[in-house]
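The next block holds one structure in the form of structure tokens; read it before the comments.
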Amino acid sequence: MRTLRTRLGFDQRELQSRRAFFDIQDEDLARLAELRELALKHMDDINEEFYTHLLSHPETKRFFPDDATIRRVKRLQREYFLGLFEGRCDLEYVENRLRVGAAHEQIGMSPRWYIGAYRKYLSQLLDRFTNELPVGEGRIGYDSVLKLIMFDMSLAIDAYIAANLETLGRHQAAIRELSTPVIKVQDRILLLPLIGAIDSQRAQQVMETVLLRVIEEKAKVMIIDIAGVPVVDTKVADHLMKTTAAMRLVGAQTILTGISAQVARTIIQLGVDISAMPTLARLQDGIELALSMLGQQITKAST
Amino acid sequence: MVETVQSWEVPIAREDDIVLVRRKARALAQERGFDAFAAAALTTAASELARNVWVHAGGGKAIIEELTDGYRTGIRMTFVDEGPGITDVERVLQGGFSTARSLGLGVSGTRRLVEEFDLQTAPGRGTRVVIVKWTRF
Amino acid sequence: MNAHGPIPILRVGSNLLTTVHIDLHDTVAEAFQQDVLLAIERTGATGLVIDITGLEEVDTYVARILADTGRMAKLMGAQTVVVGMRPEVAATLIRMGYMMEGVETALDVDEGLTLLIERQAKKRRST
Ligand SMILES: Nc1ncnc2c1ncn2[C@@H]1O[C@H](COP(=O)(O)OP(=O)(O)O)[C@@H](O)[C@H]1O
Ligand SMILES: [Mg+2]
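Residue numbers (the numbering used here), protein chains in the order written: chain A, 95 to 397; chain B, 134 to 270; chain C, 83 to 209.
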């Protein structure tokens, strides 16, 4: 498995250009490293305040159901916090920060909440910096930490969106599978009951799925039942013909069943020629036809 | 925003170069997680267009680029030649038309295999075809 | 029958079996076609199985060569079956609009040979 960073195509070049855009200079990083002492001093009280804030809002409180969770996230938060003052911003740092975004997606915390949480962090830091540092230094230090936190935020959102797309992809794959349920009727005979509308995207999925299954099962006959397809027009007929042609190329025959009176009328009235494949009204008859196709072959081959 | 991550240029100066273009396309598609159907579509498209450069224009080049939109990987292939150009673009895009007594499905078929397709040509001014295919999610 | 040229051609009963596993570009394709036809001429084979399991992609050029070889073989009295086409190859050809009509197909070499043997048996019975 490639890391999240490489999957996002986040390389040295991307790092350079993003750092340039966020104006993160080496001086900023050095300055943050110098502020580490101050950060350590306040780490615990900042963290406590931070969690008091998160726990006092129902929208964020629900992500921390028990004490064990709270202890765990507090520890992670301390690591995150210290990371800001290590004086580095390299690919390893990026990898770390991306993981934060992906983790948020996993628990279902959307960016609006953690953007709000970052705001809290910044206020707290501004507060400590102005209280404890000479005026100019506090302002410059705050500017440096602001840059790095905004940079972190951009990474968290990248990771969040990527993780979201991957989840979506998994869901789509699941839907694809459900919408193309190929059933093994018997050795070498498969059945695909098509249900619902067929657009060109679904038609392509159907073609790919049945091709793979035919090879997997070494099937000789593929029955496609279209009783559950609401509209059969020229386009749908064309998709079915293409699937049949593809089946033929890998050495399997297609039988089309579930042709209602309405569909038969439409097909003839539209002038669509589907004579290349055997068609039948009832699925049962299609299965019998498939069996006889195989039967014939078996007896012939053994003579 | 779409960015180019890496790019390669493959000259098409001999018939064997068609194979090189095809291999590069396949290797990249497989490395970047294109499924078998998408990889075959891309490689076949590459083969058709590279062959056209060789057969109909006597040579040219292919530029293969790896793209990212931040989340998905894309592969862009550009085929450029300074050959005779295409006179009857409409018929070529429709398919089944060939000046070489072959099937005439290369250009029209390729167009149906990819997500983005652009053809620029004029008689005597060469031909440039750009195709892009993206990973699915 | 000995392997001949870059693509081996084997004799199986009254049929020939050839397995294509390398890129069929111009020179190789012509040599392949020539070798197959000469082998039919030499052996008087009545059937030809072309196994393309090894081909990861088949463009319209190669598809045409396969179809033409079949048509030429037919002129010499040999029935051709193309076997082992991969799912992604089939889908790509169909999406491009090439149905390979007139080319007989089967799942694999076994199926292809069975089909030819059945045909030949039927023909013998009817004559
Ligand atoms: N790069 C090119 N330069 C000049 N003409 C081309 C080029 N590509 C395609 N053509 C023209 O378009 C026609 C159709 O091309 P194509 O669809 O690939 O089918 P085919 O190559 O089988 O003829 C060709 O016969 C040729 O006349
Ligand atoms: Mg062509």
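We put the beta carbon where it would ideally sit given N, CA and C, even for glycine.
| field | Residue nearest to Thr100(A) in terms of C-alpha spacing, selected from Leu176(A), Tyr145(A), Asn141(A), Val188(A) | value | As a position in the first sequence, residue 100(A) is number 6, starting the count at 1. Closest in C-alpha terms to Thr100(A), from the list Leu176(A), Tyr145(A), Asn141(A), Val188(A), comes Val188(A).
| query | Whose Cβ in chain B lies nearer than 9 Å to the Cβ of Ala268(A)? | reply | Taking the first residue of the first sequence as 1, we reach residue 268(A) at position 174. Contact annotation for Ala268(A) against chain B: no contact, minimum CB-CB distance about 13 Å [criterion: below 9 Å].
| Assumed close pair Thr348(A), Thr337(A) - CB separation to whole angstroms, cut-off 8 Å | Here residue 348(A) is taken as the residue at index 254 of the first sequence, counted from 1. Here residue 337(A) is taken as the residue at index 243 of the first sequence, counted from 1. Cβ-Cβ separation between Thr348(A) and Thr337(A): approximately 7 Å, consistent with a contact (criterion under 8 Å).
| Reduced DSSP secondary structure (H/G/I, E/B, other) of Met83(C) | For the purposes of this step, residue 83(C) is identified with residue 1 of the third sequence, where counting begins at 1. Below a pLDDT of 50, predicted positions are generally treated as unreliable, and Met83(C), at 37, falls in that range; the measurement from the model is reported next regardless. The answer is coil: DSSP assigns Met83(C) none of H, G, I, E or B.
| task | Figure out for me which residue from Ile164(A), Gln298(A), Leu129(A), Leu350(A) has the closest Cα to the Cα of Val315(A). | result | Stepping through the first sequence from its first residue, residue 315(A) is reached at position 221. Val315(A) has its Cα closest to that of Leu350(A), out of Ile164(A), Gln298(A), Leu129(A), Leu350(A).
| query | Can you tell which of Gly129(C), Asp105(C), Ser208(C), Gly194(C) has the C-alpha that lies nearest to the C-alpha of Met154(C)? | reply | Along the third sequence, one-based indexing puts residue 154(C) at 72. The shortest Cα separation from Met154(C) among Gly129(C), Asp105(C), Ser208(C), Gly194(C) belongs to Gly129(C).
| query | Run through DSSP, which three-state label would Met154(C) get? | reply | Residue numbering aside, residue 154(C) sits at position 72 when the third sequence is read from its first letter. Three-state result, Met154(C): helix.
| query | Within the structure, which residues are defined as neighbours of ligand 2 by a Cβ-heavy atom distance below 5 Å, reported in chain order? | reply | Asn185(B), Gly239(B)
| the stretch 200-212 of chain B: which residues have C-beta closer than 9 Å to a C-beta of chain A, in chain order? | Thr201, Gly203, Tyr204, Arg205, Thr206
| To the nearest whole angstrom, what separates the beta carbons of Tyr143(C) and Ser235(B), a pair I think is in contact under 8 Å? | By 1-based counting over the third sequence, the position of residue 143(C) is 61. By 1-based counting over the second sequence, the position of residue 235(B) is 102. Right, the Cβ-Cβ distance comes to about 7 Å (below 8 Å), so this counts as a contact.
| request: Determine the chain B residues that contact Arg153(C) at a beta-carbon separation under 9 Å, and present them in chain order. | output: What you label residue 153(C) is simply residue 71 of the third sequence in a count that begins at 1. Residues of chain B passing the Cβ test: none, with the nearest at roughly 14 Å.
| field | At least 3 beta-carbon pairs within less than 8 Å: the stretch 226-234 of chain B vs the stretch 196-208 of chain B | value | no
| Beta carbon of Gly166(B): closer than 7 Å to some heavy atom of ligand 1? | Locating residue 166(B) in the second sequence gives position 33, where the first residue counts as 1. Relative to ligand 1, the beta carbon of Gly166(B) is positioned no closer than 7 Å to any heavy atom.
| said: Whether or not the stretch 190-199 of chain B and the stretch 167-178 of chain B are in contact is what I'm after, with contact meaning three or more pairs of Cβ atoms, one per stretch, closer than 8 Å; do they touch? | reply: no
| Leu99(C) versus Leu189(C): straight-line alpha-carbon distance, rounded | Walking along the third sequence from the start, residue 99(C) turns up at place 17. Walking along the third sequence from the start, residue 189(C) turns up at place 107. Distance from the CA of Leu99(C) to the CA of Leu189(C), rounded to the nearest whole angstrom, comes to 14 Å.
| request: Indicate the three-state DSSP secondary structure (helix, strand or coil) for Thr137(B) in the structure shown. | output: As a working note, residue 137(B) is residue 4 in the second sequence. Strand, per DSSP.
| Taking Cβ-Cβ distances shorter than 9 Å, what residues in chain B pair up with Asp252(A)? | Counting from one through the first sequence, the residue named residue 252(A) turns up at place 158. Annotation: Cβ neighbours of Asp252(A) in chain B (cutoff 9 Å, chain order): Gly203, Tyr204.
| Asp106(B) touches chain C at which residues, Cβ-Cβ below 8 Å? | Here chain B covers residues 134 to 270 and nothing more, so residue 106(B) does not appear.
| message | So for Leu99(C), helix, strand or coil by DSSP? | response | In the third sequence, residue 99(C) corresponds to position 17, counting from 1. It is a strand residue.
| task | Excluding the 5 residues preceding and the 5 following Gly235(A) in the sequence, name in chain order all residues of the same chain whose CB lies nearer than 8 Å to its CB. | result | Here the question's residue 235(A) lines up with position 141 in the first sequence. Cβ neighbours of Gly235(A) beyond the five flanking positions: Arg125, Leu126, Leu129, Phe223, Leu227.
| task | Report yes or no: is there a C-beta of chain A within less than 8 Å of the C-beta of Phe170(B)? | result | Walking along the second sequence from the start, residue 170(B) turns up at place 37. By this cut-off, Phe170(B) is an interface position.
| query | Using a beta-carbon distance below 8 Å, is Lys329(A) in contact with chain C? | reply | Along the first sequence, read from residue 1 onward, the residue named residue 329(A) stands at position 235. Chain C contact via Cβ: absent.
| message | Residues of chain A with CB closer than 9 Å to the CB of Ile176(C), please, in chain order. | response | Locating residue 176(C) in the third sequence gives position 94, where the first residue counts as 1. Under a criterion of Cβ atoms nearer than 9 Å, the residues of chain A adjacent to Ile176(C) are, in order, Met301, Lys336, Thr337, Ala339, Ala340, Leu343.
| request: Within 10 angstroms of the Cβ of Ile201(A), are there 16 or more other Cβ atoms? Answer buried if so, exposed if not. | output: One-based indexing of the first sequence puts residue 201(A) at position 107. The residue in question, Ile201(A), is exposed, as its Cβ has fewer than 16 Cβ neighbours within 10 Å.
| field | For Gly259(B), the three-state DSSP class (helix, strand or coil) | value | Your numbering for residue 259(B) matches position 126 in the second sequence. Looking at Gly259(B) - three-state DSSP - the assignment turns out to be coil, as it is neither helix nor strand.
| query | Rounded C-beta distance between Ala291(A) and Val325(A)? I'm assuming under 8 Å. | reply | The residue you call residue 291(A) lines up with position 197 of the first sequence. The residue you call residue 325(A) lines up with position 231 of the first sequence. Going by Cβ atoms, the distance from Ala291(A) to Val325(A) rounds to 7 Å, so yes, they are a contact pair.
| task | Give the interface partners of Leu189(C) over in chain A, defined as CB-CB distance under 9 Å, in chain order. | result | Reading the third sequence from its first residue, position 107 is the one you call residue 189(C). Here the neighbours are Val308, Ile309, Lys312, Ala313, Lys314, Val344, Gly345, Ala346.
| said: Measuring alpha carbon to alpha carbon, tell me which residue in Arg245(B), Val213(B), Phe212(B) is nearest Leu175(C). | reply: Translated into positions along the third sequence, residue 175(C) becomes position 93. Looking at Arg245(B), Val213(B), Phe212(B), the one whose alpha-carbon comes closest to that of Leu175(C) is Arg245(B).
| message | Can you tell me whether Asn97(C) is buried or exposed? The criterion is at least 16 other CB atoms within 10 Å of its CB, across all chains shown. | response | Along the third sequence, one-based indexing puts residue 97(C) at 15. The C-beta of Asn97(C) has 16 or more other C-beta atoms within 10 Å across all chains shown, which makes the residue buried.
| How about Phe230(B): is its Cβ closer than 7 Å to a heavy atom in ligand 1? | Here residue 230(B) refers to the residue found at position 97 of the second sequence. Under cutoff, so the answer is yes.
| Cα-Cα separation between Ser354(A) and Arg376(A), rounded to whole angstroms | Taking the first residue of the first sequence as position 1, residue 354(A) is located at position 260. Taking the first residue of the first sequence as position 1, residue 376(A) is located at position 282. Using only the alpha carbons, I get a separation of about 9 Å.
| Start and end of the beta strand (DSSP E) containing Thr338(A)? | Residue mapping note: residue 338(A) aligns to position 244 of the first sequence, counting from 1. Run containing Thr338(A): none in the beta strand (DSSP E); it sits in the alpha helix (DSSP H), 328-343.
| query | Just to confirm, are Val152(B) and Asp105(C) a CB contact at a threshold of 8 Å? | reply | Numbered from its first residue, the second sequence carries residue 152(B) at position 19. Numbered from its first residue, the third sequence carries residue 105(C) at position 23. Closer than 8 Å, so yes.
| message | In whole angstroms, give me the CA-to-CA distance for Ile392(A) and Arg201(C). | response | Position 298 of the first sequence holds residue 392(A). Position 119 of the third sequence holds residue 201(C). For Ile392(A), the predicted model reports a pLDDT of 45, less than 50, meaning its position is unreliable and no value from the coordinates is stated.
| For chain B, is any of its Cβ atoms less than 8 Å away from the one on Val171(C)? | As a working note, residue 171(C) is residue 89 in the third sequence. True, the Cβ-Cβ gap to chain B drops below 8 Å.
| Out of curiosity, what's the CA-to-CA distance linking Ala178(B) and Glu248(B)? | Stepping through the second sequence from its first residue, residue 178(B) is reached at position 45. Stepping through the second sequence from its first residue, residue 248(B) is reached at position 115. Cα to Cα, Ala178(B) sits roughly 12 Å from Glu248(B).
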